[in-house]
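Quick notes on the structure that follows.
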Ligand code: HEM
Ligand SMILES: [Cu+2]
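Residue numbers (our numbering), protein chains in the order written: chain A, 5 to 373; chain B, 21 to 720.
Printed below as a string of structure tokens:
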């Protein structure tokens, strides 16, 4: 996608940021395949193998952590979060988190336990304890003091290296079905989800089929934002004039809370959406619904959409009874909308504030109309 | 009066910018809070001025403090600044906690007001609370620990203080006139670009941080040179007390880490004032460059904040365990290793910016490496306690709480160093919990421990213990309740900088955190009470001998309060922990064989000029009052150049006979004091001379 975007626009050579990202990532592709081949030796490769290991680890950890998860998520109905992962990415992140915690406790727990014990044992009043005021070094003690942390960090580093590559958000998730493509545009206080293959777009809801990878490209048409659906996977920044990527998948059907995590103004706290995983059949009919019931997304309506507003306000502006509460459907979406948004920031002349969503001038212009 | 004349004089300042009037014109709750806060500032200033006038203290304030170049007085002024800003910062934190406790579907604070709160709170706590506090302690302690008369560049020291104060003044003024930034303590563009944030807020942030940052750079230079060049004869590098080592490392970090911040701030200013496009969305601007510059400062900065606290803990744990510090050389190596590594990990603050997995992994591993020397330090402190005789004095209570709580923050730090986990918890309250876990039990407790520990050295009497314990336990409980829940809600997906939420599962956690904020408020109040009670009862806690804790390092060999010239004659150092060794050998309070005249640098107006005209420069720039900005800049430049050309015109000479008289008088008093054992450490009979207790090794 970016490659074609690059070659189709001559001015892009001058914009090092986009080109930089593209280059960095293509360099990254090579390294990912390296890791993959390394993994062949270490633990076999391919998605099947990964799921097996995952299930094993999740089973063994689940018992251990059941208590804490119940404690943390409470009795809420909205308990989809990182603590109850519902996709392969978040599951592995979750597993890695507890793995690190357990390993690191080897060096942390002795301090938490040892400090009170030492303090009590060697308290001033306890004259029975031995007192060695001039003892200030022991080689025998020095070895474990350094080597245990070194060993722990070494082990953690191996895991870090492996999982950082395995969970690289740019890395596509292996599956028998091709991923669903979604282009995500951050606007002030909502995300716009463009489905380029269906010419539709949504605000407030991102639907996709269960058990099929979702491959996202992200940018913003305002300040920097950060996109996250905790129950499915970690976040990635979205930046104007640049494209970042995120690959996720849901194991089951359900609604998962998604959000922007990077403060971007007064409506920031409302910049949430529902990520909805549904069956492939339901997804097809959802697409049809959006295609039939959406508002048209043309330059004029995009101009209004792009001004600072929350998903609820967008719904009030564009929505109708056929659309769920606080959710807005758009159709007739031009196939180059996303590319156009990215490239707008790479022209030879400045985008004037009145043409730049999120600015005071932009919001004022629309208010006066 | 024509409009253009108005704007010539007042720039873009107008009637609506006057916060203290807001409550009268738009009486809604947020404006009442804003107005109330600005009235507190105004009244505080008026009352202080009135009291100074009433007690005729302007003269002494001016001649003894404001124009003084005595490193101890400069240090005290830094700490006074830090305590005032601590009060404001804590109260803002408490308001945010209260808001979020009430924040399910709403709350009482508006989104914009909340954004100003987290931005001022973060900026104040880092730049105007923690930095002045640690700079103040370094100022007071380092020259005494290395046996120096003063710092290498006393005038520069005063100038640094003035610049820091001017930054703090700007943040305080923003409470009264105009709004502060809403961009957080990091001020990431493009959000902070003028098209998005045209108001004065971001400019307040830029100039406050730039002025204070310059002050810190100069402090760093001053102390690197002081520690390397001003040590007493015999004070080799490996005989320096551990606090001084940490101060050296901190100063080196200041020298190399502050400039990127200044550069980033000035580049942002160029964007905002001159139409540059370093970090804009268009014309090739790129905010990623800002993120890199900011965190090339920002990561070393967290070690600037923690290393002085590590130094305090090293002194405190050794002293109150009645033992030599375990693994001194190890600790020195670990400190310097941390300082060095801290420059190579900045990218972990934006693992989520889309770079390659190789890059993320390398920076993740580099980050975890810092955990090794840090862990070793904690073990060394534990080994210092091993086979000691531990007294739970107030500084030691802070130190013990620190060790237990800090390693939990270390654990979550290791988690955050892993890009896989960071993807999930970056920008959430988990991160907020982590850095408060380092900053409160680490930095703040360390500073408060140091404040309690060295207070008698500076003022000649100890702080009240009872109130000290109440404060310490309130801090510990308050910290625990206020921040442990944030780990949980962070993992549950609560983002940081978020005024309200719709997930009811968060609410119980925020209520607990709110209770924690209550204890934190109590802690703040008890600190004030402690200071008041201690001053009132100062005759009961007199530190005549100057060694109230049976401590080990050179500063305790001096009278309390320390005379301006620190040492009657330059001490000769023969060992690590020189004072402990001398006491052990029975040579604690020796009279020197001969005295000579002492020359001290004269007072200077540099600090006052920097404070006043630095503030005016910043204010002029914020409000586009160009005449004021140019005028202030000119005054600053001319006075600095003039001072450089004229040199120190009023150096002070203290004749040898006078030094001898004062020193002998003190030795007389010391001999009259009954030495006390550590059992009487908190008793009024402790007059600062320690009895030899158990200097021989006790067997099992
Ligand atoms: C003593 C009690 C304290 C309380 C109750 C408190 C509370 C808070 C709260 C509620 C936030 C906003 C969290 C959010 O983003 O949602 C915050 C942010 C922050 N605090 Fe504190 N805090 C305290 C002490 C400190 C200390 C001692 C420091 C530093 C030395 C500090 C540094 C910061 C920083 C840097 C931020 C981030 C500001 C930003 O988002 O840009 N805080 N604190
Ligand atoms: Cu860092």
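Where is the CB? At the ideal position from N, CA and C, for every residue including glycine.
Source: prediction; values computed, not measured.
What are the partner residues of residue 249 of chain A, as DSSP defines its beta bridges? A:221
C-alpha gap between residue 144 of chain B and residue 106 of chain B, whole angstroms: 8 Å
Residues within the region 269 to 291 of chain B neighbouring chain A, beta-carbon criterion of under 7 Å: none
Sorted by chain position, which residues of the same chain lie with C-beta nearer than 8 Å to residue 8 of chain A's C-beta, five sequence neighbours on each side aside? Confidence at residue 8 of chain A is low in this model, with a pLDDT of 36, below 50, so its placement is unreliable and the value that follows should be read with caution. Taken in chain order, the list of residues that qualify is empty.
Should residue 302 of chain A be flagged as near chain B, meaning a C-beta pair shorter than 8 Å? no
Where does residue 607 of chain B fall in DSSP's three states? coil
Count the other CB atoms, across all protein chains shown, that sit within 10 Å of the CB of residue 626 of chain B; report buried if there are 16 or more and exposed otherwise. buried
With a 10 Å radius around its C-beta and 16 neighbouring C-beta atoms as the bar for buried, classify residue 629 of chain B as buried or exposed. buried
Using a 10 Å radius around the Cβ and a threshold of 16 neighbouring Cβ atoms, would you call residue 66 of chain B buried or exposed? exposed
Note down the Cα distance separating residue 86 of chain B from residue 670 of chain B, rounded to an integer number of angstroms. 16 Å
Nearest-angstrom Cα distance between residue 155 of chain B and residue 292 of chain B? 31 Å
Interfacial residues, the region 395 to 416 of chain B to chain A, with Cβ spacing under 9 Å: 395, 396, 398, 399, 400, 401, 402, 403, 404, 405, 406, 407, 408, 409, 410, 411, 412, 416
Excluding the five sequence neighbours on either side, which residues of its own chain have a C-beta within less than 8 Å of the C-beta of residue 303 of chain B, listed in chain order? 297
Does residue 31 of chain B come out as helix, strand or coil in the three-state DSSP assignment? coil
By Cβ distance, which residues of its chain are closer than 6 Å to residue 33 of chain B, with the 5 residues on each side in sequence left out? 643
With hydrogens ignored, establish whether the beta-carbon of residue 233 of chain B is closer than 7 Å to any heavy atom of ligand 1. no
Using the Cα positions of residue 350 of chain A and residue 248 of chain A, report the straight-line distance between them to the nearest angstrom. 16 Å
Beta strand (DSSP E) containing residue 230 of chain B: first to last residue? From DSSP, residue 230 of chain B is part of no beta strand (DSSP E) but of the alpha helix (DSSP H) over 221 to 249.
I think residue 333 of chain A touches residue 204 of chain A, with their Cβ atoms under 8 Å apart; what is that distance to the nearest whole Å? 7 Å
Would you report the Cα separation of residue 635 of chain B and residue 170 of chain B, rounded to the nearest angstrom? 27 Å
Closer than 8 Å, CB to CB, is residue 332 of chain A near chain B or not? no
Give a yes or no on whether 8 Å exceeds the smallest Cβ distance from residue 718 of chain B to chain A. With a pLDDT of 49 at residue 718 of chain B, under the threshold of 50, the modelled position of that residue is not reliable, and the figure given next carries that caveat. True, the Cβ-Cβ gap to chain A drops below 8 Å.
Under the three-state DSSP convention, the category residue 89 of chain B falls into: coil
What is the C-beta distance between residue 656 of chain B and residue 637 of chain B, in whole angstroms, given that I count them as a contact (C-beta under 8 Å)? 7 Å
Straight-line gap, residue 204 of chain B to residue 406 of chain B (C-alpha atoms, nearest Å): 43 Å
Taking 7 Å as the cut-off, is the CB of residue 205 of chain B close to at least one heavy atom of ligand 1? yes
Put residue 133 of chain B into one of helix, strand or coil per three-state DSSP. helix
Using 8 Å as the limit for Cβ to Cβ distance, is residue 499 of chain B near chain A? no
In terms of residue numbering, what span does the alpha helix (DSSP H) encompassing residue 279 of chain A cover? Element bounds for residue 279 of chain A: not the alpha helix (DSSP H) but the beta strand (DSSP E), 276 to 282.
Supposed contact pair residue 434 of chain B and residue 108 of chain A - C-beta distance, whole angstroms, cut 8 Å: 5 Å
List the DSSP bridge partners of residue 261 of chain A. A:278
Residues that residue 196 of chain A bridges to, as DSSP identifies them: A:189, A:207
Is residue 126 of chain B near ligand 1 - that is, is its Cβ less than 7 Å away from at least one heavy atom of it? no
Determine the chain B residues that contact residue 363 of chain A at a beta-carbon separation under 8 Å, and present them in chain order. 215, 216
Proximal residues of chain A, C-beta to C-beta of residue 344 of chain B below 8 Å: 137, 138, 139, 140
Check whether the Cβ atoms of residue 224 of chain B and residue 596 of chain B lie closer than 8 Å to each other. no
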